[in-house]
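Step one of this worksheet: look at the structure below.
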Amino acid sequence: MVEDGWFNAEMMANQQQDPTDQLKILEQFTKDLKFTQTDDAFILELTADGDKVKEISSELMKEYMPQELMEQFNEIGQDMLDALTVKTLTYEMEFDKKTFDLKDLDMAMDMSFEIDGETLDINQEVKATYQSINSIDKIEIPQDV
C-alpha cells in the first residue's frame, strides 16, 4: 500500500494509452463534454463533480488502475471503488486537427479513500504529451536476443 508521501506509479509506466478507449469511456458523458478548437487542435474537456464524477471516475479507474493495486484492496477485504470518493475531476484531450492524433492529455482528480476507518486524501494530476507519432525508424531486434 501507499506509505506517507508520493505514490510511485512505475507499475503504470508500461501501459500504452489508447485514445480510442478513452473516448469510448467519455462517449456516455457527451452531454457534459465541452468542445473547443484552436487553429491547429480540437479540444475535448470534461469537468465533473458529485454523482457524475463518481460514475466517470469508476469507468476510468477500471480501465487504467494497475491490477496490482486493485488486488491489494481486495486482499484487505475492501472493494477499491466502494472506498473511493471523488470530489472533482477535470479531463482534457487535445487532438491534432490534421492527423486527429492525440497531442496532449491532462487529468486532475481530487479524491479520498477510506480504508480501515482512516481517510487518505489524494490530489492527482496527469499531464501527458504525445510526440513523434509514427515517426520512429524501423526497429530491428538481433537474432541472438
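Numbering (the numbering used here), first residue to last: 666 to 810.
Note that beta-carbon positions come from the ideal geometry of N, C-alpha and C, so glycine has one too.
Bear in mind that the values here come from a model prediction, so they are computed numbers and not experimental data.
Which word fits residue i, buried or exposed, when buried means at least 16 other C-beta atoms lie within 10 angstroms of its C-beta?
| i | result |
| --- | --- |
| ILE721 | buried |
| VAL718 | buried |
| GLN796 | exposed |
| ALA793 | exposed |
| GLU675 | Only weak support exists for where GLU675 lies, its pLDDT of 47 falling under 50; the value from the coordinates is given anyway. It counts as exposed. |
| LYS803 | exposed |
| GLN687 | buried |
Identify the residues that DSSP records as bridge partners of residue i: which are they?
| i | result |
| --- | --- |
| ILE787 | MET776 |
| THR701 | ILE708 |
| THR751 | The question names Thr, but residue 751 in the sequence shown is Val. Beta-bridge pairing links VAL751 to MET776. |
| LYS719 | Answer by DSSP bridge pairing: none, since LYS719 is not bridged. |
| GLU759 | ILE708 and ASP769 |
With a cut-off of 8 Å on the beta carbons, I'd call residue i and residue j a contact; round off their distance for me.
| i | j | result |
| --- | --- | --- |
| ALA773 | GLU790 | 5 Å |
| MET776 | THR750 | 6 Å |
Grab the span of the alpha helix (DSSP H) containing residue i for me, first residue to last.
| i | result |
| --- | --- |
| LYS763 | Counting along the chain, LYS763 falls outside any alpha helix (DSSP H), and DSSP gives it neither H nor E. |
For residue i, tell me which candidate among the options has the shortest Cα-Cα distance.
| i | options | result |
| --- | --- | --- |
| GLN693 | LEU711, ASP809 and ILE787 | LEU711 |
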